[in-house]
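Following: one structure in structure tokens, then a few remarks.
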Amino acid sequence: MDFILVALIMTSLMGGCTAYLAHLFHRNPFIWFVLGFLFGVFALIALLLLPPVEQKTIVVKIPVAPAPDPLKMKTWYYLDEQHQQVGPLEFEQMRACYIQDKIGGDTFVWSEGMEDWLKVKDIDRLEQLFT
Numbered sequence: 001m002d003f004i005l006v007a008l009i010m011t012s013l014m015g016g017c018t019a020y021l022a023h024l025f026h027r028n029p030f031i032w033f034v035l036g037f038l039f040g041v042f043a044l045i046a047l048l049l050l051p052p053v054e055q056k057t058i059v060v061k062i063p064v065a066p067a068p069d070p071l072k073m074k075t076w077y078y079l080d081e082q083h084q085q086v087g088p089l090e091f092e093q094m095r096a097c098y099i100q101d102k103i104g105g106d107t108f109v110w111s112e113g114m115e116d117w118l119k120v121k122d123i124d125r126l127e128q129l130f131t
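For the sequence shown, the positions run 1 to 131 when the numbering used here is used.
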């Protein structure tokens with residue numbers, strides 16, 4: 001009876017050692033515990049003789065939100081039909097004026113960073129952003 005208990009403890013220890021080494025070598029420790037428990041030192045030798053497992057690297061591309069358009073971030077002014085300055089207006093307010101035909105492609109507009117008043121149609125992408 002004592003022999004069976006000692007044998008069970010020894011095979012469990014061999015299975016545990018094999019499972020631990022399997023974990024270090026990136027192999028399935030549960031399978032190697034069973035192999036170490038059943039085959040003892042032979043499973044341990046087999047584990048040590050196996051070639052290393054190639055680790056697969058997974059590249060995850062994280063979508064990057066596009067930067068807001070600088071034209072939409074500015075404060076705008078425009079000259080109405082009487083050449084009176086209207087503003088400051090946010091981009092969405094300017095867009096609403098464009099949709100309501102208060103301003104058009106020939107309307108002069110200005111924003112910080114511009115040297116002079118320009119027509120809407122002369123500013124790259126501005127008229128496209130309004131539509």
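Beta carbons are placed, not taken as given, at the ideal position from N, Cα and C, and that holds for glycine.
Could you tell me if residue i is buried or exposed, where buried requires 16 or more neighbouring beta carbons within 10 angstroms of its beta carbon?
i	result
T57	exposed
F91	buried
P29	buried
Name the residue from the options whose alpha carbon lies nearest to the alpha carbon of residue i.
i	options	result
G15	E115, W76 and L47	L47
R27	P52, L5 and P70	P52
G104	L89, K121 and P88	K121
H83	E54, A67, F108 and G40	F108
Between residue i and the rest of its own chain, which residues show a CB-CB distance below 8 Å, the 5 nearest in sequence each way excluded?
i	result
G113	K74
I31	A22
L126	L71, V109 and V120
Assign residue i to one of three DSSP states: helix, strand, or coil.
i	result
L8	helix
V53	coil
G104	coil
W117	coil
V132	Because the chain in this structure spans residues 1 to 131, residue 132 falls outside the shown range and cannot be described.
V34	helix
V132	This structure cannot speak to residue 132, because the chain is shown only from 1 to 131.
Do you know how far the Cα of residue j is from the Cα of residue i?
i	j	result
S111	V60	40 Å
D116	Q100	25 Å
L13	Q55	28 Å
Near residue i, what residues of its chain come up, given a Cβ to Cβ distance below 7 Å and the 5 sequence neighbours on each side ignored?
i	result
T18	W32, F33, L35, G36, A43, L44 and L47
So, at 6 Å on beta carbons, what are the nonlocal neighbours of residue i in its own chain, with the 5 sequence-adjacent residues on each side left out?
i	result
C97	I103
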